[in-house]
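Colleague: Attaching a single structure in structure tokens format; questions to follow.
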Amino acid sequence: MIQIKLKNVNNPDKWITIKDGNNSVHIRGYLYYKHKLLKGNELANFIQKLAFDEILRILKDVNGFFAVIKKKENKLIAVVDRLRSIPLFYGLEGKNFYLSDDPHWILERIADKSCDMKSQKEFLATGYVTGSDTLYKNIKQIQAGEVLLFTDNANTNVNIETKRYYKYIKQSDFTENFDILLEALDDRVNNVFERLIKVLDGRPVVIPLSGGYDSRLIAVMMKEFNYENVICFSYGRPGNTESKISQQVARNLGYRWEFVPYSNKSWHNWYYSKEMQHYMLFGGGFSSVPHIQDWPAVWELKKNDRIPENSIFIPGHSADFIAGSHITNIYKIYGKVYGEEKLLKTIVNYHYNLYKWPKRDFLVFRDKILSFLSSGEWDIETFEGLANFFEYWDWQERQAKFIVNSVRVYEFWGYDWLIPLWDNELMDFFIKVPLEYRLNKKLYDTYVKNKYGKFTSGNQQIILGYKSMMIRYLKRLLYMLFLDKSVRRFYIKNNHMFKKFLYKKEYYNHPLGWYGIIELDEFKKVYTGRENINTFLSRKYLNELNSISNIKEI
Numbered sequence: 001m002i003q004i005k006l007k008n009v010n011n012p013d014k015w016i017t018i019k020d021g022n023n024s025v026h027i028r029g030y031l032y033y034k035h036k037l038l039k040g041n042e043l044a045n046f047i048q049k050l051a052f053d054e055i056l057r058i059l060k061d062v063n064g065f066f067a068v069i070k071k072k073e074n075k076l077i078a079v080v081d082r083l084r085s086i087p088l089f090y091g092l093e094g095k096n097f098y099l100s101d102d103p104h105w106i107l108e109r110i111a112d113k114s115c116d117m118k119s120q121k122e123f124l125a126t127g128y129v130t131g132s133d134t135l136y137k138n139i140k141q142i143q144a145g146e147v148l149l150f151t152d153n154a155n156t157n158v159n160i161e162t163k164r165y166y167k168y169i170k171q172s173d174f175t176e177n178f179d180i181l182l183e184a185l186d187d188r189v190n191n192v193f194e195r196l197i198k199v200l201d202g203r204p205v206v207i208p209l210s211g212g213y214d215s216r217l218i219a220v221m222m223k224e225f226n227y228e229n230v231i232c233f234s235y236g237r238p239g240n241t242e243s244k245i246s247q248q249v250a251r252n253l254g255y256r257w258e259f260v261p262y263s264n265k266s267w268h269n270w271y272y273s274k275e276m277q278h279y280m281l282f283g284g285g286f287s288s289v290p291h292i293q294d295w296p297a298v299w300e301l302k303k304n305d306r307i308p309e310n311s312i313f314i315p316g317h318s319a320d321f322i323a324g325s326h327i328t329n330i331y332k333i334y335g336k337v338y339g340e341e342k343l344l345k346t347i348v349n350y351h352y353n354l355y356k357w358p359k360r361d362f363l364v365f366r367d368k369i370l371s372f373l374s375s376g377e378w379d380i381e382t383f384e385g386l387a388n389f390f391e392y393w394d395w396q397e398r399q400a401k402f403i404v405n406s407v408r409v410y411e412f413w414g415y416d417w418l419i420p421l422w423d424n425e426l427m428d429f430f431i432k433v434p435l436e437y438r439l440n441k442k443l444y445d446t447y448v449k450n451k452y453g454k455f456t457s458g459n460q461q462i463i464l465g466y467k468s469m470m471i472r473y474l475k476r477l478l479y480m481l482f483l484d485k486s487v488r489r490f491y492i493k494n495n496h497m498f499k500k501f502l503y504k505k506e507y508y509n510h511p512l513g514w515y516g517i518i519e520l521d522e523f524k525k526v527y528t529g530r531e532n533i534n535t536f537l538s539r540k541y542l543n544e545l546n547s548i549s550n551i552k553e554i
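Sequential numbering of the sequence shown, starting at 1, is according to this note's numbering.
This is the structure we're talking about:
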């Protein structure tokens with residue numbers, strides 16, 4: 001028996017459903033197919049006319065952000081886009097198959113509510129659960145670029161099959177030189193924003209404008225396309241570097257700029273509100289730490305009528321990743337290393353780092369990564385091959401489950417969102433850019449600086465941006481130095497004055513002020529210099545779910 005339940009807090013009309021007796025089609029989002037924009041009822045009718053095998057065939061040619069479900073008699077097909085931007089979860093108990101965008105609904109209907117202890121350990125280390133797993137053994141998730149097929153045969157067992165229609169894998173490199181690739185990138189970006197403007201249809205745009213290049217590119221392109229209905233905003237402690245850059249960029253482009261001040265005290269009030277309690281359950285999906293960074297900013301903008309109700313949020317996720325930022329980091333830290341052990345070390349050190357886990361947990365993490373590695377043919381005996389796998393893993397796990405999950409903030413407060421820098425055309429372009437142009441994001445950063453330079457008479461803000469980047473790099477370098485056991489033992493365990501300085505500086509001076517959600521005594525017990533806010537949020541989230549009873553011992 002197939003049961004489908006779809007809901008979206010504060011946005012009950014976002015799913016379009018067409019029913020025909022016992023058959024149904026459910027769609028959310030939009031897609032481009034053969035250069036035609038399909039959304040709403042038009043998209044639902046289009047899917048209704050397609051057979052299951054036809055849906056599978058067209059997926060490689062569609063672009064957009066969507067989730068599609070079609071049920072016909074005893075069969076069902078469910079699809080998420082390349083990013084899992086609209087998550088779908090499923091569970092099977094006996095012959096009862098449950099599918100929903102709300103895993104809580106599935107948990108209420110299955111008898112075996114056993115927690116997955118391996119997934120919980122992984123969640124504490126990364127802030128998300130990898131693969132198709134969730135924090136519960138009998139609830140799974142459809143992964144990025146994946147199709148689920150379910151069949152209930154009366155005379156046989158039910159069958160669940162998942163297929164990949166897309167994988168973020170480098171196949172070949174462009175042979176063109178740097179200048180030609182800059183021009184080609186400009187063509188791609190223009191195509192992306194032409195499509196975006198059609199989807200926006202004149203509605204107000206709100207850009208979370210940081211000091212980085214991704215959100216800056218969005219703001220610049222909106223200006224280049226003469227889209228004036230734009231509001232930019234930033235947040236944090238008054239005077240923080242990111243907000244200074246944000247304000248200057250908005251001013252240079254002639255866009256209205258809003259600022260929401262953060263402090264330890266205000267964060268304490270926001271975090272322990274009823275609204276946050278509801279959001280924490282809504283935003284995690286048993287698979288990711290709920291994103292909270294701009295949650296109070298959107299709340300304050302909304303309740304004070306500083307943004308229109310029909311606004312569309314356009315965050316800058318995640319051109320820096322596809323442009324090469326993550327492989328740049330591992331190249332700088334580890335050099336041109338390769339091989340299975342180096343790959344494992346790279347992924348674990350880079351992603352499984354929210355707390356100092358015991359050695360026995362490494363075997364859990366290692367096994368999951370190796371099982372993922374064995375699922376395909378990977379050449380990891382060169383740095384290029386290792387980087388290819390590293391990015392594939394990062395795309396499927398961190399990007400699709402943790403980074404993109406941040407759009408739940410906008411949904412919760414009743415707003416739509418779009419993430420144009422994850423457009424298929426940009427993904428397909430950067431996956432072919434040669435490694436030498438992706439290291440240090442050479443191609444991408446050059447492009448954004450050139451674009452932004454058209455709207456400013458000087459390079460002051462670019463320099464400020466680099467200063468901010470240098471500070472982050474120096475912090476990362478210091479962190480790597482403290483990975484040395486002898487140094488950490490001396491300064492962290494034995495030097496109480498240094499430790500006191502370290503935690504007080506972080507607790508009271510973090511530019512986002514968000515450690516106010518944690519009591520100082522609790523912070524002091526945990527913080528050693530390597531932890532961040534998600535170290536604490538992952539624990540708090542699991543406690544909210546009553547998933548584990550002795551979290552402090554893990």
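Just so it is clear, CB atoms sit at the ideal spot from N, CA and C, and this is done for glycine as well. Model, not experiment: these values are computed from the prediction.
Just to confirm my understanding: we take Leu354, look at its own chain, exclude 5 residues before and 5 after, and list those with CB closer than 8 Å. What are they?
Modeller: Leu124, Ala125, Thr126, Gly127, Glu531, Asn532, Asn534, Thr535 and Ser538
Colleague: For the pair the segment 392–407 and the segment 161–177, tell me if three or more CB-CB distances fall below 8 Å.
Modeller: Contact holds: three or more Cβ-Cβ distances are below 8 Å.
Colleague: Output the boundary residues of the beta strand (DSSP E) element that contains Val433.
Modeller: Where Val433 is concerned, there is no enclosing beta strand (DSSP E), given that its DSSP letter is neither H nor E.
Colleague: Do you know whose CA, among Tyr262, Lys540, Asp416 and Ile330, lies nearest Asn509's CA?
Modeller: Tyr262
Colleague: Tell me which residue opens and which closes the beta strand (DSSP E) that Gly64 is part of.
Modeller: Val62 to Lys72
Colleague: Beta carbon of Ser100, beta carbon of Leu6: below 8 Å?
Modeller: yes
Colleague: Quick one: measure Cβ to Cβ for Val230 and Ile207, integer angstroms, because I've assumed they're closer than 8 Å.
Modeller: 6 Å
Colleague: Taking only the alpha-carbon atoms, compute the straight-line gap between Asn388 and Met427 and give it to the nearest angstrom.
Modeller: About 14 Å.
Colleague: In three-state DSSP terms, what is Ile333?
Modeller: helix
Colleague: Helix, strand or coil for Trp257? Go by DSSP, reduced to three states.
Modeller: In the three-state DSSP reduction, Trp257 falls in the strand class (E or B).
Colleague: State the CB to CB distance for the pair Tyr352 and Lys342, rounded to an integer number of angstroms; the pair is presumed to be in contact (CB under 8 Å).
Modeller: That pair is no contact at about 15 Å.
Colleague: Can you give me the C-alpha to C-alpha distance between Ser234 and Gln3, rounded to a whole angstrom?
Modeller: If you take the alpha carbons of Ser234 and Gln3, they lie about 42 Å apart.
Colleague: Three or more beta-carbon pairs under 8 Å between the segment 236–250 and the segment 79–91, yes or no?
Modeller: no
Colleague: Excluding sequence positions up to five away, which residues of its chain have a Cβ less than 7 Å from the Cβ of Lys95?
Modeller: A distance below 7 Å between beta-carbons, with the five flanking residues on each side excluded, links Lys95 to the following residues of its chain, in chain order: Met1, Asp152 and Val158.
Colleague: In chain order, what residues of the same chain lie with their CB nearer than 6 Å to the CB of Asn310, ignoring the 5 residues before and after it?
Modeller: Arg203
Colleague: From the DSSP output, in three-state form, read off Arg164 for me.
Modeller: In the three-state reduction of the DSSP assignment, Arg164 falls in the strand class, which pools E and B.
Colleague: Where do the ends of the beta strand (DSSP E) carrying Leu148 lie?
Modeller: Here the beta strand (DSSP E) through Leu148 covers Glu146 to Thr151.
Colleague: Do you know whose CA, among Pro103, Gly91, Gly284 and Ser243, lies nearest Arg216's CA?
Modeller: Ser243
Colleague: Name the DSSP beta bridge partners of Lys140, please?
Modeller: Tyr90
Colleague: Find out if the Cβ-Cβ distance for the pair Phe150, Lys75 is shorter than 8 Å.
Modeller: yes
Colleague: Using three-state DSSP, classify Gly29 as helix, strand or coil.
Modeller: strand
Colleague: Using DSSP with H/G/I as helix, E/B as strand and the rest coil, what is Thr17?
Modeller: strand
Colleague: Any contact between the segment 310–327 and the segment 269–288? By contact I mean 3 or more CB pairs, one from each, below 8 Å.
Modeller: Cβ pair count under 8 Å is below three, so no.
Colleague: Provide the residue(s) that pair with Leu43 in DSSP beta bridges, ordered along the chain.
Modeller: Its beta-bridge partners do not exist; DSSP assigns none.
Colleague: Sorted by chain position, which residues of the same chain lie with C-beta nearer than 7 Å to Met469's C-beta, five sequence neighbours on each side aside?
Modeller: Any reading at Met469 must be qualified, since the residue scores a pLDDT of 49, below 50, and its modelled position is unreliable; no value is offered.
Colleague: What are the start and end residues of the alpha helix (DSSP H) that includes Pro103?
Modeller: Pro103 to Arg109
Colleague: Looking at the secondary structure, which residues open and close the alpha helix (DSSP H) in which Val348 lies?
Modeller: Glu340 to His351
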